[in-house]
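Numbering (my numbering), first residue to last: 1347 to 1562.
Shown next, in structure tokens, is the structure this report addresses.
Put into structure tokens, the structure is as follows:
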């Protein structure tokens, strides 16, 4: 127990500090748990055969493909042409585009994809990037709530329900009906409401939290 808590505490510190890459921290934590015999080799490697983990790896590949094929640059050019010099219109387009991409790509992948686009857009329009970077982070999270693959917790919940359905299908058939796996767009109604409410809140809140820079 002490070894587990120590490893988790050190991992949390390294994650927060950001001085070491997150993937290296995660792998080192896994190795430490194996060396301390907290986990068996079979338990330590079980996650790599999990469908949720494989799905998340695939989402990062999709995000990289969008960036490498030039689709990201095309999206940035289109958003900039539609927004013109209006900061409010640019803000709304950033939220909508980021939310739409975040519904199908992981939050981290969405931010990595949109970050250079938004910075170049703000520079081209003569606006401060600070006004758009905070909404970018929130929009990627809100967009991930709209689909099954948008964020890892949605996949984990669906996988848990599927396992429970298989467990109860023979012993308690009546209960199995309550544990059916979620469909791809099961989260969409709630996700859309969150995206709309979040956008309405961020529109004035961003202006208060990131005031305009003083002209020198």
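For each residue, glycine too, the CB sits at the ideal point set by N, CA and C.
Values in this document were obtained by computation on a predicted structure and should not be read as measured data.
Can you tell which of 1376, 1458, 1463 and 1391 has its C-alpha closest to the C-alpha of residue 1421?
Looking at 1376, 1458, 1463 and 1391, the one whose alpha-carbon comes closest to that of residue 1421 is 1463.
Using a Cβ-Cβ cut-off of 8 angstroms (strictly less than) and excluding sequence neighbours within five positions of residue 1482, which residues of its own chain qualify?
Scanning its chain for C-beta atoms nearer than 8 angstroms, with the 5 sequence neighbours on each side dropped, one finds around residue 1482 the residues 1440, 1444, 1457, 1460, 1461 and 1464, in chain order.
Measure from the alpha carbon of residue 1448 to the alpha carbon of each residue in 1488, 1466 and 1348, then state which is nearest.
The shortest Cα separation from residue 1448 among 1488, 1466 and 1348 belongs to 1488.
Let me confirm a value: residue 1509 is counted as buried when at least 16 other C-beta atoms fall within 10 Å, else exposed. Which label applies?
Its Cβ having fewer than 16 others within 10 Å, residue 1509 is exposed.
Please state the DSSP three-state secondary structure of residue 1440.
When DSSP states are grouped into helix, strand and coil, residue 1440 belongs to the helix group.
Status (buried if at least 16 other CB within 10 Å, exposed otherwise) for residue 1388
Within 10 angstroms of the beta-carbon of residue 1388 lie fewer than 16 other beta-carbons, which makes it exposed.
Every unbroken alpha helix (DSSP H) inside the segment 1474-1549 [4 residues or more]
Here the runs fully enclosed are 1476-1490, 1498-1517 and 1519-1522.
Taking 8 angstroms as the threshold (C-beta atoms), are residue 1426 and residue 1467 in contact?
Yes. Within cutoff.
Would you say residue 1453 and residue 1490 are within 8 angstroms of each other, going by their C-beta atoms?
For residue 1453 and residue 1490, yes; Cβs fall inside 8 angstroms.
State yes or no: is the C-beta of residue 1549 within less than 8 angstroms of the C-beta of residue 1437?
Between residue 1549 and residue 1437, the C-beta gap is smaller than 8 angstroms, which places the two residues in contact.
Pick from 1403, 1378 and 1384: whose alpha carbon is nearest that of residue 1495?
Answer by Cα proximity: 1403.
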